[in-house]
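*Asks:* Sharing a structure here in structure tokens format.
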Amino acid sequence: MTLQLREYVIAEGHLEDFVAAWLDGVVPLRERLGFRIQGAWTVPAERRFVWILAHDVDEEEFERLNDAYYASGERAAVDPDPAQWVEESRQTFVHSILPDRR
């Protein structure tokens, strides 16, 4: 499984707007396209939104599927678009160091 840590700084006064738009528009579409949200958190004092996006493919295929997500008409139709409130973003593939505990 491929995991990507995503961190955003959200425009002042819009963290709640971002979260609502993300939950209503991004999450359902990502899940329909085979992605999973492993977790999502806010750091209100820093206007940060942090989440982990996962898919059962390698990193190269993850990037291809992610590009297809952003190029899709469904993504373009998300309204309101939470991206309008993102001031900074960072995406990094992460690898677990813990043993599988299933």
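Using this note's numbering, you'd call the opening residue of the sequence shown number 164 and step up by one each time.
We treat Cβ as the ideally placed atom computed from N, Cα and C, and that holds for glycine.
Which partner residues of A203 appear in the DSSP bridge assignment?
*Replies:* Its beta-bridge partners are W214.
*Asks:* Would H218 be called buried (16 or more neighbouring beta carbons within 10 Å of its own) or exposed?
*Replies:* Buried, by the Cβ-count rule.
*Asks:* Out of curiosity, what's the CA-to-CA distance linking R253 and R264?
*Replies:* R253 and R264: Cα-Cα distance of roughly 29 Å.
*Asks:* Excluding five sequence neighbours on each side, which residues of the same chain lie with their C-beta closer than 6 Å to the C-beta of T255?
*Replies:* Result list for T255: L168, in chain order.
*Asks:* Any idea what DSSP makes of E222, helix, strand or coil?
*Replies:* It is helical.
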